[in-house]
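Data block below; observations after.
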Amino acid sequence: MDIQTNWTEIRKHFNKCFKTNFHVSIASVDKDDNLTVTPIGSLFLNSNQTGFYFEKFPTKLPENSKDHKNICILGVNSSTIFWLTSLFKGKFESYPAIKLYGQLGDRRKASDIEIKRLNSRMKITNWLKGNDYLWGNMENVREITFTKAEKINLGKMTETL
């Protein structure tokens, strides 16, 4: 999967993932070369193979980035209707999962546009008690530059993608 050619489809896929999961999983490597996975509910992909996430709760990713900048992000479309329809048809019409490889960049203050993107995504949960706790006072983002994309291969079910 070519990251530049397929970037629009990749972005659409990750938007679907947030509608069904509210998070992606980011794998990183610690200073002892141990793998760890961190759920992130605030990843945003830009139009140019870059992205960012709001860094309020993660502790392992910032620590791991000191020694190992490389990460892998897994986004899975967990929609029950998507999966049942695909199983019925015997094939997926769109990607069930995509992995993005990249490098963590600098932590910095979030821009007004980035905060607006977060607020727009989380608008549906504004009235819920936990919304402010999880997504309120988001001030810092961590930049990501993506270098490679990989679709998840599920045999005949994904061979036409």
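Taken in order, the sequence shown gives residues 74 to 234; the numbers are from the working numbering. The beta-carbon is built from N, C-alpha and C at its ideal position, and this holds for glycine as well. Just so we're clear, the structure is a prediction, and the values are computed from it rather than from any experiment.
Work out the CA separation of H96 and K123 for me, nearest whole Å.
-> Walking along the sequence shown from the start, residue 123 turns up at place 50. Walking along the sequence shown from the start, residue 96 turns up at place 23. The sequence as given places Thr at residue 123; Lys does not occur at that position. Taking the straight line joining both Cα atoms gives about 18 Å.
Does the pairing of the region 168-177 with the region 220-234 give three or more beta-carbon distances under 8 Å?
-> yes
Can you tell me where the beta strand (DSSP E) with F117 in it begins and where it stops?
-> Along the sequence shown, read from residue 1 onward, the residue named residue 117 stands at position 44. Taken as a continuous stretch (DSSP letters only), the beta strand (DSSP E) holding F117 covers L116 to L118.
Can you give me the start and stop residues for the beta strand (DSSP E) that T123 sits inside?
-> Translated into the one-based positions of the sequence shown, residue 123 becomes position 50. Unbroken beta strand (DSSP E) run through T123: T123 to F127.
What residues are listed by DSSP as bridge partners for K224?
-> Your numbering for residue 224 matches position 151 in the sequence shown. Bridge partners of K224: I171.
Does the beta-carbon distance from T153 to K133 come in below 8 Å?
-> Stepping through the sequence shown from its first residue, residue 153 is reached at position 80. Stepping through the sequence shown from its first residue, residue 133 is reached at position 60. Cβ atoms of T153 and K133: not closer than 8 Å.
By a C-beta neighbour count over all protein chains shown, 10 Å radius and 16 as the cutoff for buried, is N121 buried or exposed?
-> Counting from one through the sequence shown, the residue named residue 121 turns up at place 48. Its Cβ having fewer than 16 others within 10 Å, N121 is exposed.
C-beta contact flag for F87 and G178 at 8 Å | Residue 87 sits at position 14 when you count from the first residue of the sequence shown. Residue 178 sits at position 105 when you count from the first residue of the sequence shown. No, they are not a contact pair.
Using alpha carbons as the reference points, say which of A100, K85 and I144 lies closest to T93.
-> By 1-based counting over the sequence shown, the position of residue 93 is 20. The option with the nearest alpha carbon to T93 is K85.
Which listed residue (F91, F161 and S101) has its alpha carbon closest to that of T198 = Sequence index remark: in the sequence shown, residue 198 carries index 125 (1-based). Nearest C-alpha to T198 among F91, F161 and S101: F91.
Take N213 as the anchor and find which of E187, G175, I99 and N119 has the nearest alpha-carbon.
-> Here the question's residue 213 lines up with position 140 in the sequence shown. Looking at the Cα atoms, E187 is the closest of the given residues.
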